[in-house]
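Student: This is the structure I have questions about; it appears just below.
Residue numbers (the working numbering): 63 to 947.
Set out below in structure tokens:
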């Protein structure tokens, strides 16, 4: 960080401290003034982005979707609702478990929220302004779908750094799910949707009631969607030649391909695995198969979620509250890949060498007909309970304190993998008895069933349990009056205990290998926020000017402390326009899995990488080290934004806004193993040892780290430390725009709206000193522009809306033939009708997603499309019924 930025940050820290001290000294006087003030302030709402009741986040824009808008989107789950926003990018954890941004580690198919597409772990997801326990087997994200959509009153998004208010993770912003805590009555909802080869359904119920001193509500929702099979989508294939792409079909087939000395020989298609001779083969031929088509694109998944909230007044001064949620998700995914490159020696009674030699050969083989396609089930369970109290210290000052405890348990069980232990496939290939040996030279299904059972009992069972306990207290209210209004203050403290327990089971059913992990930490924080109305809304000048100052100090038991300030300004020079701006710093604490040496696939791997230190060789064999790192530090960011809102009095139903944002995000944690240029790029020199001595290799192999793949010490020419490090940097800049207008037409009301996000810059650097690389609008990174427009008409009981979704074109780079990926445009429709004349509170709706049934744009990767930016489902019709009781 530049020295002037450090000095500015230090100066702001001291200035904020002095400001909050001065404000706090005035608090007793404010209490005295409050005794005669109106009690309306105690009922004011806290808006996302601020901790002060009745104050919108100063200097920052808020994107808000109310209950009516939520219903009209037609989204079946809370996660689907959030992903309708252009500011939310589908990179990272999703049901398709895509590879970018650690998405492949999403073993239980949760759905993360990723503001700006910079990283789901850089977006803070809140429920009613409070943290939720993280999910995933590595505790790497928070899943919004654990909250029933019927229980959500409002969705609020502040796409601006928020660590000064909320602490860790709020680098790109905050997404807050505001629940329907005050719901009174009952509401039922049912939905059924269908597309080609796919269907989903949901049922939900919410109810609430009052009594003289309190209120209670509860909601429950059950959702299900079928698997989407690869064979049901024409574009989903490995053979991309008809689209102008490559043939990416696998050589691991049944019958497969023999490779000797780098030369392939296709096993004859009608082979029974016996009677083969060298004359049966032709050099430089291959068997190719589209294994991808037999797997699932989207898993079969069902989810049950519930939310409850209760309040109880104890007189006028004290209110007790309790709330919580529970969610259980189970899924099953049909895996397309159960293949391997087998080393077969002369010991195998079916051995044949196409060259006539007697040495070991490689057989590229598919085990689908030997034990079947694996069904990989998993489940996830998450819950949180909150108990607290609010104290009215005066008619305007309020204190809230609460204790929360939550837990997420994620579990994946894969027990039909190939057994690669010493008693597994290699042992079966070395059996000399033809009645028991495994035969890889045919089409499968020809070997002894007991032998097949012994080689298809390989296990990958991963369990991750994350838990979080929070104790917090906060007070807010006015401290003194200025001509522009009351100076308001919020201050408080928080203690948080976080834990991650993991258990990885590998090996086989008869020889399991257990790798446990356990790590925890505690966090202490103090925070303060002040709002100063320099010029009030009722001033003679017609102007309005407000300033907010916020700061948060946090101390972590594992890496140290951090302080983050934020300054916001909103100025309304005229009644029609408001100009705003903010500046602050944010951070993300290392995830517990990133800090744990025994997490993140830790251990040693036999790797083959491009190299230049052993000429004339261009690839070299060596050892890669993977896992977490207890020495990683927090990621840090400097964020600022500026913009305006236009709400002309002459057109009271018009609202326009424009916001420019800037994010400089450094010390990003990167796992180096698998990164390009590990052995050749000078920036990675500190993390590699070239030409290690035999003693160094032996010491590493004997260190106790698990050896996760085959390593031949005699061929090791490097040791590469791929454990997580603070290396990366991202610079993101862009513009958010929104426009909404309502007007009367034909006896009804016509509405039009637009929300879009446009990047002007997105660059990344993979290590300190490495150049910034432009990654904007490239595969696995955000596109330059994402937008959603709507046009709606409502008259009496009828409503009709059309939504246009647009993702701009982007490029596939880093491949032999770079290409442009076409823009993705879809149209959604919503029709609603109230049937109150038949039954009070009854309504029906028809939603159509992707009306034109647009296929995703072609991408030259296996599968033929980008699951991070497009949907493989196609046109989907959904009918829903809603009844208020």
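Using N, Cα and C, we set each Cβ at its ideal position, and we do this for glycine too.
The model shown is predicted, which means the values in this text are computed figures rather than measured ones.
#1: Just to confirm the assignment: which complete beta strand (DSSP E) runs, minimum length 3, are found wholly within the region 565-630?
#2: So for residue 239, helix, strand or coil by DSSP?
#3: For the beta strand (DSSP E) containing residue 707, list its first residue and its last residue.
#4: Between the C-alpha atoms of residue 88 and residue 550, what's the straight-line distance to the nearest angstrom?
#5: May I have the straight-line CA-CA distance separating residue 225 from residue 468, to the nearest angstrom?
#6: Would you check if there are 3 or more beta carbon pairs closer than 8 Å linking the region 453-472 to the region 515-531?
#7: From residue 833 to residue 629, what distance separates their C-alpha atoms?
#8: Nearest by alpha-carbon distance to residue 679: which of 808, 779, 593 is it?
#9: For the region 402-484, which segments carrying the beta strand (DSSP E) assignment without a break, of at least 3 residues, lie completely within its bounds, in sequence order?
#10: On the premise that residue 895 lies in contact with residue 913, defined as a C-beta separation below 8 Å, what is that separation, rounded to the nearest angstrom?
#11: Using the Cα positions of residue 288 and residue 363, report the straight-line distance between them to the nearest angstrom.
#12: According to DSSP, which residues form a beta bridge with residue 268?
#13: From the DSSP output, which residues share a beta bridge with residue 367?
#14: Confirm, please, whether the CB-CB distance from residue 512 to residue 409 is below 7 Å.
#15: Taking the beta carbon of residue 860 as the centre, do at least 16 other beta carbons fall within 10 Å, making it buried, or is it exposed?
#16: Only counting the same chain, and skipping five residues up and downstream in sequence, which positions put a Cβ closer than 6 Å to that of residue 339?
#17: If residue 214 and residue 186 are in contact, beta carbons under 8 Å, what's the gap, nearest whole angstrom?
#18: Measuring straight from C-alpha to C-alpha, what distance separates residue 836 and residue 651?
#19: From residue 124 to residue 450, what does the alpha carbon distance come to, in whole angstroms?
#20: Name the DSSP beta bridge partners of residue 198, please?
#21: According to DSSP, is residue 135 part of a helix, a strand, or is it coil?
#22: Could you pull out every unbroken beta strand (DSSP E) segment of at least 3 residues lying fully inside the region 895-932, listed in chain order?
#23: In angstroms with no decimal places, state the Cα-to-Cα distance between residue 455 and residue 616.
#24: What does the Cβ neighbour count give for residue 376, buried or exposed, with the cut at 16 atoms within 10 Å?
#25: Output the distance between the C-alpha atoms of residue 488 and residue 504, rounded to the nearest integer angstrom.
#26: If we ignore side chains and look at the alpha-carbon of each, how far apart do residue 299 and residue 359 end up?
#27: Using only the alpha-carbon positions, how far apart do residue 868 and residue 277 sit?
#28: Taking the beta carbon of residue 572 as the centre, do at least 16 other beta carbons fall within 10 Å, making it buried, or is it exposed?
#29: Using the Cα positions of residue 147 and residue 850, report the straight-line distance between them to the nearest angstrom.
#30: So, helix, strand or coil for residue 140, using DSSP?
#31: When the Cα of residue 822 is compared with those of 670, 178, 109, 154, which residue comes out closest?
#32: Residue 119: which of 930, 886, 703 sits nearest, CA to CA?
#33: Who are the near neighbours of residue 143 in its chain, counting only those whose CB is closer than 7 Å to its CB and skipping five residues on each side?
#34: Given 8 Å as the limit, is there contact between the region 752-769 and the region 705-724, that is, 3 or more CB pairs closer than that?
#35: Taking residue 763 as part of the alpha helix (DSSP H), name the residues at either end of that continuous run.
#36: Which residue from 180, 115, 636 puts its Cα closest to that of residue 602?
Tutor: Concretely, from the data shown:
#1: 574-597, 606-618
#2: Numbered from its first residue, the chain shown carries residue 239 at position 177. Of the three classes helix, strand and coil, the one that applies to residue 239 here is strand, per DSSP.
#3: Taking the first residue of the chain shown as position 1, residue 707 is located at position 645. Here the beta strand (DSSP E) through residue 707 covers 697-708.
#4: Stepping through the chain shown from its first residue, residue 88 is reached at position 26. Stepping through the chain shown from its first residue, residue 550 is reached at position 488. Bear in mind that the predicted position of residue 88 carries a pLDDT of just 35, short of 50, making it too unreliable to give a figure here.
#5: Locating residue 225 in the chain shown gives position 163, counting from the first residue. Locating residue 468 in the chain shown gives position 406, counting from the first residue. Residue 225 and residue 468: Cα-Cα distance of roughly 22 Å.
#6: yes
#7: Here residue 833 refers to the residue found at position 771 when the chain shown is read from its first residue. Here residue 629 refers to the residue found at position 567 when the chain shown is read from its first residue. Residue 833 and residue 629: Cα-Cα distance of roughly 31 Å.
#8: Locating residue 679 in the chain shown gives position 617, counting from the first residue. Measuring from the Cα of residue 679, the nearest candidate turns out to be 779.
#9: List check, beta strand (DSSP E) in window: 423-428, 437-454, 460-479.
#10: Taking the first residue of the chain shown as position 1, residue 913 is located at position 851. Taking the first residue of the chain shown as position 1, residue 895 is located at position 833. Going by Cβ atoms, the distance from residue 913 to residue 895 rounds to 19 Å, so no, they are not a contact pair.
#11: Here residue 288 refers to the residue found at position 226 of the chain shown. Here residue 363 refers to the residue found at position 301 of the chain shown. Cα to Cα, residue 288 sits roughly 6 Å from residue 363.
#12: On the chain shown, residue 268 is found 206 positions in, with the first residue counted as 1. The partner list for residue 268 (beta bridge, DSSP) reads 249, 281.
#13: Locating residue 367 in the chain shown gives position 305, counting from the first residue. Per DSSP, 283, 389.
#14: Here residue 409 is taken as the residue at index 347 of the chain shown, counted from 1. Here residue 512 is taken as the residue at index 450 of the chain shown, counted from 1. Cβ atoms of residue 409 and residue 512: not closer than 7 Å.
#15: Mapped onto the chain shown, residue 860 falls at position 798. Classification of residue 860: exposed, given that the 10 Å Cβ count is below 16.
#16: The sequence position of residue 339 within the chain shown is 277, counting from 1. So no residue of the chain qualifies.
#17: Your numbering for residue 214 matches position 152 in the chain shown. Your numbering for residue 186 matches position 124 in the chain shown. Going by Cβ atoms, the distance from residue 214 to residue 186 rounds to 17 Å, so no, they are not a contact pair.
#18: The residue labelled residue 836 in the question sits at position 774 within the chain shown. The residue labelled residue 651 in the question sits at position 589 within the chain shown. Looking at the two C-alpha atoms, the distance is approximately 26 Å.
#19: Residue mapping note: residue 124 aligns to position 62 of the chain shown, counting from 1. Residue mapping note: residue 450 aligns to position 388 of the chain shown, counting from 1. In a straight line, the C-alpha of residue 124 is about 27 Å away from that of residue 450.
#20: The residue you call residue 198 lines up with position 136 of the chain shown. Answer is none; residue 198 lacks a bridge partner.
#21: Along the chain shown, one-based indexing puts residue 135 at 73. If DSSP states are grouped into helix, strand and coil, residue 135 belongs with the helices.
#22: Qualifying beta strand (DSSP E) stretches, in chain order: 904-911.
#23: Position 393 of the chain shown, counted from the start, is the residue given in the question as residue 455. Position 554 of the chain shown, counted from the start, is the residue given in the question as residue 616. Distance between the alpha carbons of residue 455 and residue 616: 27 Å.
#24: By 1-based counting over the chain shown, the position of residue 376 is 314. Exposed is the call here.
#25: Numbered from 1 along the chain shown, position 426 holds the residue referred to as residue 488. Numbered from 1 along the chain shown, position 442 holds the residue referred to as residue 504. Their backbone Cα atoms lie some 17 Å apart in a straight line.
#26: Within the chain shown, numbered from 1, the residue matching residue 299 stands at position 237. Within the chain shown, numbered from 1, the residue matching residue 359 stands at position 297. Near 11 Å, if we compare the C-alpha coordinates of residue 359 and residue 299.
#27: Here residue 868 refers to the residue found at position 806 when the chain shown is read from its first residue. Here residue 277 refers to the residue found at position 215 when the chain shown is read from its first residue. About 43 Å.
#28: As a first step, residue 572 must be located in the chain shown, where it is residue number 510. Exposed is the call here.
#29: Within the chain shown, numbered from 1, the residue matching residue 147 stands at position 85. Within the chain shown, numbered from 1, the residue matching residue 850 stands at position 788. About 7 Å.
#30: Here residue 140 corresponds to residue number 78 of the chain shown, with the count starting at 1. In the structure shown, residue 140 sits in a helix (DSSP, three-state: H, G or I).
#31: If you number the chain shown from 1, residue 822 lands on position 760. Closest by alpha carbon: 178.
#32: Within the chain shown, the letter at position 57 stands for residue 119. Comparing Cα-Cα distances from residue 119 to each of 930, 886, 703, the minimum goes to 703.
#33: In the chain shown, the residue the question calls residue 143 occupies position 81. These residues qualify, in order along the chain: 132, 135, 137, 211, 217.
#34: Short answer: they don't touch.
#35: In the chain shown, residue 763 corresponds to position 701, counting from 1. Counting along the chain, residue 763 sits inside the alpha helix (DSSP H) bounded by residues 756-763.
#36: The residue you call residue 602 lines up with position 540 of the chain shown. Ranking the options by Cα distance to residue 602, first place goes to 636.
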